[in-house]
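Visitor:
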Amino acid sequence: MQRWNGWGDDAVYMDLSPQALKLLCELIGEGRVCPDYPLEKFLENMPEARLSKHPLISFDAKLRLDHAHGQSMADWIGLRGGTLKRFPDGVSVPETVEEIHELLRFAAEQNAVVIPYGGGTSVVGHLEVPQTERPVLCLSLERYNRLISIDIRSRLAVFEAGIRGPRLEQQLNSKGFTLGHYPQSFEYSSLGGWVVTRSSGQQSKHYGRIEQLFAGGELLSPQGPLKLPAHPASAAGPDLRQLLLGSEGRMGVLTKAVVHIAAVPEKDVVYGVFFPSWEEASQAVHAIAGTDIPFSMIRLSNPTETMTHLTLAGHEGQVALLKRYLRLRGIHEKEACMCLIGFTGSRRITSASRRAAFSIVRHHKGISLGKPMGNAWIKNRFYTAYLRNTLWDLGYAVDTLETAVNWDQVTPTMAAIEKSIHEAL
Ligand SMILES: Cc1cc2nc3c(=O)[nH]c(=O)nc-3n(C[C@H](O)[C@H](O)[C@H](O)COP(=O)(O)OP(=O)(O)OC[C@H]3O[C@@H](n4cnc5c(N)ncnc54)[C@H](O)[C@@H]3O)c2cc1C
0 MQRWNGWGDD AVYMDLSPQA LKLLCELIGE GRVCPDYPLE KFLENMPEAR
50 LSKHPLISFD AKLRLDHAHG QSMADWIGLR GGTLKRFPDG VSVPETVEEI
100 HELLRFAAEQ NAVVIPYGGG TSVVGHLEVP QTERPVLCLS LERYNRLISI
150 DIRSRLAVFE AGIRGPRLEQ QLNSKGFTLG HYPQSFEYSS LGGWVVTRSS
200 GQQSKHYGRI EQLFAGGELL SPQGPLKLPA HPASAAGPDL RQLLLGSEGR
250 MGVLTKAVVH IAAVPEKDVV YGVFFPSWEE ASQAVHAIAG TDIPFSMIRL
300 SNPTETMTHL TLAGHEGQVA LLKRYLRLRG IHEKEACMCL IGFTGSRRIT
350 SASRRAAFSI VRHHKGISLG KPMGNAWIKN RFYTAYLRNT LWDLGYAVDT
400 LETAVNWDQV TPTMAAIEKS IHEAL
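Heads up, the final residue of the sequence shown is numbered 424 in numbering that gives the first Met the number 0, and it's a clean run with no missing numbers.
Here it is in structure tokens:
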């Protein structure tokens, strides 16, 4: 079952090794455990619903609580600390486009605010119920989640927008295709949510960001429908898909999305590489990015993050062995920077790309540790989010910072962010 006040399935728990806890204590001090606000209290104190009854709308208190938040730090504090005070007045989980249409009609009649809900993984307050005198209806697309059609010749698939990552990939994989869109929230986030938040995935360098994958779709708004056919190309005026991309629920409900799909790749590999310093590492990444090598992903960690990753990995013996090996190769633990480099595609292309990228890695004194580290990353790539639960229980709050800067600002930005976090803690 999905956790009501944390991330993901409550059957999944990520352990934290004693070494990892020790490192955390050294880096940021002891955790401060706060008691959780009980579920029963939320349910008991649920405010009276301000919407009239409708057969498609539920006023169930737990459903209202579950749809009152996303997954931001503020959302977590509200849930765990009991400060979450605003809830949708009703929640609807339609299964057909006619039902969505009817709900929008009813909401207009009631002068209600409508909040479309995909997977509830927003980390920027999208799903926060506004302070308003008007009733608020949450329209969840979690049951509007089928594959409608697939055009293999044009490599296009049409989905109901509430479909979530695993189900979407399962449907495509069974036919030999993939969308290849893997945000870390993949397990719960929805196709509609990806489109309207301009989501980016872990292999978007290869498959394209959602704005490149989104070929067209249908939106229902209180003013009527908007249909954007999936033309292969058009030079006729502005691209109206841009109205929907990043619209964050403001334009209406995205009901259907047409997406570009690709054949399941022959190879999908990730290699672990270590560099002796941030300077060499960032120069190597810059150099690889400046070539035409078709890598699918590069994730570079600075020394602090590298040490944290290694400690979190938990296998003390193996990590000690790795550190000894790196030292022998002239890479010192305190300066080491870990980099994961991925290649996706045919055997021929991925091998040639790896050879070309690794010659740059070697030029910058980097060494490859082969695929085991990459395989471990692939295996856990959606599960590290579960650490948030474990850490919260130990008295540590976890948040994600994300930004994009031009190359000359990379190192100064990193230094400034680290400095301000250290000072704040
Ligand atoms: C652990 C974690 C990891 C994450 N990793 C990534 C990542 O790697 N890359 C990334 O880009 N983001 C990431 N995110 C952020 C989040 O997952 C994305 O923004 C995602 O696209 C939201 O999709 P959702 O279906 O959960 O949308 P929701 O959170 O349900 O909604 C987000 C917004 O979209 C609107 N909306 C949702 N569906 C529709 C629809 N069908 N029609 C109209 N409006 C709609 C909502 O009203 C809201 O404004 C992460 C979040 C978490 C918690």
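Ideal Cβ placement from N, Cα and C applies to all residues, glycine included.
For my contact list, Ala111 and Arg133 are in at a C-beta cut-off of 8 Å; report their separation, rounded to the angstrom.
Guide: Your numbering for residue 111 matches position 112 in the sequence shown. Your numbering for residue 133 matches position 134 in the sequence shown. That belief holds up - the Cβ atoms of Ala111 and Arg133 are roughly 6 Å apart, short of 8 Å.
Visitor: In the DSSP assignment, what residue or residues form a beta bridge with Phe294?
Guide: For this step, residue 294 is matched to residue 295 along the sequence shown. Looking at the DSSP assignment, Phe294 forms a beta bridge with Phe342.
Visitor: What residue from Arg328, Gly251, His331 and Ile377 has the CA that sits closest to Pro115's CA?
Guide: Looking up residue 115 in the sequence shown gives position 116. Comparing Cα-Cα distances from Pro115 to each of Arg328, Gly251, His331 and Ile377, the minimum goes to Gly251.
Visitor: Report whether the distance from the Cβ of Ser189 to the nearest heavy atom of ligand 1 is below 8 Å.
Guide: Along the sequence shown, read from residue 1 onward, the residue named residue 189 stands at position 190. True, at least one ligand heavy atom lies under 8 Å from that Cβ.
Visitor: Measuring alpha carbon to alpha carbon, tell me which of Glu127, Thr120 and Val122 ends up nearest Val113.
Guide: Along the sequence shown, read from residue 1 onward, the residue named residue 113 stands at position 114. Taking only the C-alpha atoms, the option nearest Val113 is Glu127.
Visitor: Is the beta carbon of Arg387 within less than 8 Å of some heavy atom of ligand 1?
Guide: Locating residue 387 in the sequence shown gives position 388, where the first residue counts as 1. Correct: Arg387 has its Cβ closer than 8 Å to ligand 1.
Visitor: Does Lys255 pass the burial test, meaning 16 or more other C-beta atoms within 10 Å, or should it be called exposed?
Guide: For the purposes of this step, residue 255 is identified with residue 256 of the sequence shown, where counting begins at 1. So Lys255 counts as buried.
Visitor: My output table needs one value for His259: the three-state DSSP class, helix, strand or coil.
Guide: The count along the sequence shown starts at 1 and reaches residue 259 at position 260. The answer is strand: DSSP assigns His259 an E or B state.
Visitor: For my contact list, Gly77 and Tyr187 are in at a C-beta cut-off of 8 Å; report their separation, rounded to the angstrom.
Guide: In the sequence shown, residue 77 corresponds to position 78, counting from 1. In the sequence shown, residue 187 corresponds to position 188, counting from 1. 19 Å between Cβ atoms; not a contact.
Visitor: State the start and end residues of the unbroken beta strand (DSSP E) segment that holds Ser220.
Guide: As a working mapping, residue 220 is identified with position 221 in the sequence shown. Looking at the DSSP string, the run of the beta strand (DSSP E) that includes Ser220 is Phe213 to Ser220.
Visitor: To the nearest angstrom, how far is it from the Cα of Ala60 to the Cα of Val135?
Guide: As a position in the sequence shown, residue 60 is number 61, starting the count at 1. As a position in the sequence shown, residue 135 is number 136, starting the count at 1. Across the structure, Ala60 and Val135 are spaced so that their CA atoms are roughly 14 Å apart.
Visitor: So, at 6 Å on beta carbons, what are the nonlocal neighbours of Leu368 in its own chain, with the 5 sequence-adjacent residues on each side left out?
Guide: Walking along the sequence shown from the start, residue 368 turns up at place 369. Correct list, in chain order: Gly271.
Visitor: Would you mind working out which of His363, Arg2 and Ser184 sits nearest Arg79, comparing C-alpha positions?
Guide: Here residue 79 corresponds to residue number 80 of the sequence shown, with the count starting at 1. If we check each option's Cα against that of Arg79, Arg2 comes out closest.
Visitor: Counting Cβ pairs, one atom from each stretch, are 3 or more of them under 8 Å apart for the region 46-62 and the region 91-104?
Guide: yes
Visitor: For Pro115, list the residues DSSP reports as bridge partners.
Guide: Along the sequence shown, read from residue 1 onward, the residue named residue 115 stands at position 116. DSSP, once it has assigned bridges, lists Leu138 as partnering Pro115.
Visitor: Taking the alpha-carbon of Gln202 as reference, which of Thr196, Val195 and Leu212 has the nearest alpha-carbon?
Guide: Indexing the sequence shown from 1 puts residue 202 at position 203. Closest option to Gln202, Cα to Cα, is Leu212.
Visitor: I need the straight-line Cα distance from Gly365 to Gln170, nearest angstrom please.
Guide: Locating residue 365 in the sequence shown gives position 366, counting from the first residue. Locating residue 170 in the sequence shown gives position 171, counting from the first residue. If you take the alpha carbons of Gly365 and Gln170, they lie about 40 Å apart.
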